[in-house]
Structure formats: C-alpha cells, structure tokens
Amino acid sequence: MVFARRVIELMLLRRGPQDMPGDQTSLAASAAVYCILLVLQVGLITPPGYAVFQAVVATALIALYVRTVLRMRGLGNRFAQTATSLYAAGATLTLIMLAPTHAMTPYLEAIAQANDPQQVPMPPGYVVLAYVAMGVWGLAIYSHIYRHALDSSIWLGVGAALAFEVLLLVVFSVLG
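For what it's worth, the numbering used here labels the leading residue of the sequence shown as 14, then goes sequentially.
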C-alpha cells in the first residue's frame, strides 16, 4: 500500500524517484508488471508473439537507457530508484490506457487494411483526447523523474524523456 501511494504521488509530481524504494525486489516487480501490462496493451493491436517481443524489448531498453544516462552524469548509484520509478509510472499509465487502446483497435485495424487511409473514419474524440492527455501526462511524469534523477533542470529532464521516446521509435522502426 505504501508503494502504491508513492507511485500515485510520483505521478502527481509530488515525489521524485529518490522517494521510491531502491531494492532489487521492487525494481524487478515493477519491471515485470510493466512488461506484462505492455504485453496486454500491445496485444490488443498486434499478434501475441510480437506483443511479447515488443514489451520485452521496451522493458530492456528502459533499463539500458536509464543506466547509460545516469552513468554519463556520474550518478549510476541512482539506477534502481530511477528505473523503479519509470517502470511503476509506466505500468500505471499502461493500465489506464488499456480501455482507450481497446476502443482504438477497430480504427487501427481499418487503417492497416485500407487502400486509402484518409477514407477511414476517425476514432471517437474521447479516445483521441485520452491518448493526447496520457501522452502529455506521461511526458510530464517521465521528465519529472529524469530531472530529479539527473539532478538537473526540467529542460534536461524533458530532453531525456523525449530522447528515450525517439530511441523507442527508431528501434521499433528498424525491427519492423
């Protein structure tokens, strides 16, 4: 219960990664829950095998990216708390996004099968709004986590969060 409260406060930008547990059990549990929820979300729009692959790769990329960025700043000792924060916040956001992703599935399938994607009707406005709101909120949370973990300005936190998103796009574009 204490962990859940800390995650909520982290997501409301009231706490930073320094307030999260730094033990390996919390890190592993957060990573596992994040990966499982990501499999469920991605599995709504892709075949199950690819959903597992994508979730495992994304989970591993978070760890590699966080370790690299922290080491570049000489703050490697902050890895466990930072990664736990990112996984826990990511798991919570992914859980919240399961319903909007499910609502978006017919639209995404129609685009994939359409000869002219412009002929596909737009998804419901509330679904689009949910995606935009969650995207902005997620960026704010991740930027907040990186800002505290890197002991830097909010702009470096935003840059670190955006750089990770670009990394994900590049990796998954290359992997197909």
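For glycine and all other residues, C-beta sits at the position ideal for the given N, C-alpha and C.
How long is the line joining the alpha carbons of residue i and residue j, rounded to whole angstroms?
i	j	result
Thr59	Leu51	12 Å
Leu212	Arg91	Outside the shown range of the chain (14 to 189) lies residue 212, about which nothing can therefore be said.
His115	Ala153	24 Å
Gln131	Pro119	15 Å
Pro113	Val140	5 Å
Val184	Val82	17 Å
Met147	Val171	16 Å
Ala123	Pro137	14 Å
Go ahead and pull the three-state DSSP assignment for residue i.
i	result
Pro30	helix
Pro61	helix
Ser156	helix
Leu204	Residue 204 is absent from the structure shown; the chain starts at 14 and stops at 189.
Ser166	coil
Gly35	coil
Is the beta carbon of residue j closer than 7 Å to that of residue i?
i	j	result
Thr95	Ser43	no
Tyr159	Ala173	yes
Leu40	Ala93	yes
Val17	Cys48	As written in the sequence, residue 17 is Ala, which differs from the Val given in the question. Result no, Cβ atoms of Ala17 and Cys48 do not sit closer than 7 Å.
Spatial neighbours of residue i within its chain, please: C-beta separation below 6 Å, excluding the five flanking residues on both sides.
i	result
Thr107	Leu50, Leu51 and Gln54
Ala101	Val20 and Ser43
Using a Cβ-Cβ cut-off of 7 Å (strictly less than) and excluding sequence neighbours within five positions of residue i, which residues of its own chain qualify?
i	result
Leu57	Thr114, His115 and Thr118
Ala64	Val52, Val55 and Gly56
Which residues in the same chain have their Cβ closer than 8 Å to the Cβ of residue i, if we skip the five residues on either side of it in sequence?
i	result
Leu26	Ala153, Ile154 and His157
At 3 residues or longer, and completely inside the stretch 97-147: list those beta strand (DSSP E) runs for me, N to C. Correct list: empty.
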